[in-house]
Structures are given as structure tokens and as C-alpha cells.
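Worksheet: one structure, shown below.
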Amino acid sequence: SLKANDTSSSAREDQVQRWRVMSPAEKSACVDALNRDVHLMAEAGIRRRYPTASDREVFLRLAALRNGRDLSIAAYGWDPDTEGW
Numbered sequence: 099s100l101k102a103n104d105t106s107s108s109a110r111e112d113q114v115q116r117w118r119v120m121s122p123a124e125k126s127a128c129v130d131a132l133n134r135d136v137h138l139m140a141e142a143g144i145r146r147r148y149p150t151a152s153d154r155e156v157f158l159r160l161a162a163l164r165n166g167r168d169l170s171i172a173a174y175g176w177d178p179d180t181e182g183w
């Protein structure tokens, strides 16, 4: 089990207890929100590294990060080893 070094054991237990009482729909909503936030942070990182990239290029770079090189090439013809990650 992963334990954050900056979280007290009582705070960790409080969090676990909150997860236990959540409905499946509430848990799913939390996961969806976290996935959305990760997507937005990854996109922001790409835009920061490639400030002149078009929306399409940002999409392709993000797809490569999420799906890997082989699928990126197969699906979009985008080789991140050539174009950059």
C-alpha cells in the first residue's frame, strides 16, 4: 500500500473512511475528475514546452503520451520519436 510521507495516519484513515462510505457513482465521479485534471495538466505542459503548437499538434503530442508510440503511429501517423514527445 502506498503511503504519503506528508500525511498523518489519522488523516489517511479519515480519507479511507470517506472512500468506504462513497457510492460507486461518487467514486466514479472522483476518478473522472482526477482523470480530467491529469489531462489538463499534461496539455498545459505540452503547451508550455511547445508554445507555437497548433491545437492539432497539442492533441497529437497528448495522444502519444497517453497511448504510446506504436498506437500513435498506427492511429495518427505521428511518431513522437521523430516529432518529439
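Note that this note's numbering numbers the sequence shown so that position 84 is 182, with each residue one more than the last. No residue lacks a Cβ here, since even glycine has one placed at the ideal position from N, Cα and C.
The closest CA to that of Glu181, considering only Ala162, Trp117, Ala109 and Arg116, is found on Ala162. Taking C-beta atoms under 8 Å as the contact rule, Val136 and Ile144 fail to qualify, at a distance of about 13 Å.
In this structure, the CA atom of Leu158 is about 18 Å from the CA atom of Asn133. DSSP, read as helix, strand or coil, puts Asn103 in coil. Thr150 and Trp183 have their C-alpha atoms some 15 Å from each other.
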